[in-house]
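Student: Under UniProt numbering, the first residue of the sequence shown carries the number 1, and numbering increases by one thereafter.
All C-beta atoms, glycine included, are put in the ideal place defined by N, C-alpha and C.
Just so you know, these numbers come straight off a predicted model, no measurement behind them.
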Amino acid sequence: MPLRRKKWTEEEERCLIERYGEMCLDGSLSKMKTREKKYRPIAAHVNALHYSVDPSTYPFQWSWKDASTKVQNMRHQYLLVKHKIRRHRPPQSSDGHDEAASVEDLDEFDWIDGLSYWPNFLRYKGVFGDHPLEEEETVPEAVEAEEMRRRRRRRRRRWGAVDRVMERWRLMEERAEERERAAEEAEGRRRGEDEKVEEAEEREWRRRLGEEEEREREWEERAERRRVEWRVRMEEAAAGHRAAVERAAARAVEEQRGFVGQVVGIVGQWAAAAVGGGGGGGGGGDDGGSPFVSDMVHHLNGIVHVEHRMDGHDDDDDDDQFIVDDG
């Protein structure tokens, strides 16, 4: 989108020239030494009445340099129009009468004609004054033609000088506008680059945040898997420990049974020997010792069965028999 060229509106120009004329009349402008001090209050006055009130209609805020340049352009434009409306007096006739006598009561400048060049010419005439450009001198008739030619040459030179000055002012204004436009374009490019950098940084930040969240999620999943594996290992270890304890208890029961069986066998042998020796007969001894041995075996077997049941085994599954060796 091309940048808008700063252009004064008619209302702003009128306000500018009126304020400039007021400060010229009251003498406040001549008391100020620098251009900045002269034109800063004028620019502030124009901005306060237009830009500050309606920025959409008057979109530009003028600086003191803008106001100074505009006043200079107005003065040069006024002088240019004033040159164009200057009347030329006709030369004297041969009879010695001045043919210009009929127009001697006329003004040197056709002020009304100035409105055709510039509609606001009279307003600027009241501000910049009405000083004569150059007084014409009375010359002898013999040299009047040459004098007229010289005046025309001087006038052309002056016009050329005015045109050159106006051209320089126009070029200066165009260059100032070009520099301002280039500065605004550079500022726009810089803002665009800054926005791109910010967008890239935001994308990078979002990417890193996503990676961090992904790493955290993976870490939580690994931790959960480790907890599950640890729980399974603990359960397997507990199950193995219980199985080992049960096997040890079973071995202890078996060893206890074997020990009890040996004790019962020894006691049975002793009881049989004692009974046989007291009764005088082997057959009667066996019959007399059998109830005592049977009661002892039954009692010990009951103790073993209770201990076995306390270890978690059922008596119905045990088919162990105590064998008493009598011999």
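1. Across the segment 65-75 and the segment 36-52, are there enough close Cβ pairs to call them in contact, namely three or more that are closer than 8 Å?
2. Given that a residue counts as buried once 16 or more other Cβ atoms are within 10 Å of its Cβ, and exposed if not, what is TRP8?
3. Can you tell me whether DSSP reads PHE109 as helix, strand or coil?
4. With burial defined as no fewer than 16 other Cβ atoms inside 10 Å of the residue's Cβ, what is the status of HIS50: buried or exposed?
5. Taking only three categories from DSSP, how would you classify ARG5?
6. Under the rule that 16 or more other beta-carbon atoms within 10 Å means buried, what is HIS131, buried or exposed?
7. How would you call LYS196, buried or exposed, if buried means at least 16 neighbouring beta carbons within 10 angstroms?
8. Where VAL260 and ARG225 are concerned, what is the direct C-alpha to C-alpha distance, given to the nearest angstrom?
9. Do you know offhand how far residue 334's Cα is from GLY192's?
10. Over what stretch of residues does the alpha helix (DSSP H) that includes VAL53 continue unbroken?
11. Does the distance from the CB of ARG19 to the CB of VAL46 come in under 8 Å?
12. Thinking GLU177 and LYS65 are a contact (beta carbons under 8 Å), I'd like their distance in whole angstroms, please.
13. For the alpha helix (DSSP H) containing PHE128, name the first residue and the last one.
14. Can you tell me where the alpha helix (DSSP H) holding GLN61 begins and where it ends?
15. So, are the CB atoms of LEU115 and PHE121 less than 8 Å apart?
16. Is DSSP giving ARG14 helix, strand or coil here?
17. Take the Cβ of GLN262 as the centre, count every other Cβ of all protein chains shown within 10 Å, and call the residue buried at 16 or more, exposed below.
18. Alpha carbon to alpha carbon, how far is ARG242 from ARG257?
19. Look at VAL162 and HIS83 and say whether their C-beta atoms are less than 8 Å apart.
20. Would you give the residue range spanned by the alpha helix (DSSP H) that LYS31 belongs to?
Tutor: If we stick to the structure as given:
1. yes
2. As a position in the sequence shown, residue 8 is number 8, starting the count at 1. Per the 10 Å Cβ criterion, buried.
3. In the sequence shown, the residue the question calls residue 109 occupies position 109. It is a strand residue.
4. Residue numbering aside, residue 50 sits at position 50 when the sequence shown is read from its first letter. Buried is the call here.
5. What you label residue 5 is simply residue 5 of the sequence shown in a count that begins at 1. Three-state result, ARG5: coil.
6. The residue labelled residue 131 in the question sits at position 131 within the sequence shown. At HIS131 the pLDDT is 49, less than 50, meaning the model places this residue with poor confidence and gives no usable figure here.
7. Along the sequence shown, read from residue 1 onward, the residue named residue 196 stands at position 196. LYS196 is exposed by the Cβ-count criterion.
8. Mapped onto the sequence shown, residue 260 falls at position 260. Mapped onto the sequence shown, residue 225 falls at position 225. So the alpha carbons of these two residues sit roughly 52 Å apart.
9. The question about residue 334 has no answer here: the residues shown for the chain are numbered 1 through 327.
10. Along the sequence shown, read from residue 1 onward, the residue named residue 53 stands at position 53. Element bounds for VAL53: n/a, residue is neither H nor E.
11. Counted from its first residue, the sequence shown places residue 19 at position 19. Counted from its first residue, the sequence shown places residue 46 at position 46. Their beta carbons are under 8 Å apart, which means ARG19 touches VAL46 by this criterion.
12. Position 177 of the sequence shown, counting from 1, holds the residue named residue 177. Position 65 of the sequence shown, counting from 1, holds the residue named residue 65. Their Cβ separation, rounded to whole angstroms, is 12 Å, which puts GLU177 and LYS65 out of contact at 8 Å.
13. The residue you call residue 128 lines up with position 128 of the sequence shown. Unbroken alpha helix (DSSP H) run through PHE128: 121-128.
14. Numbered from 1 along the sequence shown, position 61 holds the residue referred to as residue 61. Premise fails: GLN61 is in no alpha helix (DSSP H) and is neither H nor E.
15. If you number the sequence shown from 1, residue 115 lands on position 115. If you number the sequence shown from 1, residue 121 lands on position 121. Contact: yes.
16. Walking along the sequence shown from the start, residue 14 turns up at place 14. In this structure, ARG14 counts as helix in the three-state DSSP scheme.
17. In the sequence shown, the residue the question calls residue 262 occupies position 262. Exposed: under 16 other Cβ atoms inside 10 Å.
18. By one-based count along the sequence shown, residue 242 stands at place 242. By one-based count along the sequence shown, residue 257 stands at place 257. If I take the Cα positions, the gap works out to 22 Å.
19. The residue labelled residue 162 in the question sits at position 162 within the sequence shown. The residue labelled residue 83 in the question sits at position 83 within the sequence shown. It is a contact, given that the beta carbons lie within the stated cut-off.
20. Numbered from 1 along the sequence shown, position 31 holds the residue referred to as residue 31. LYS31 -> alpha helix (DSSP H) spans 28-31.
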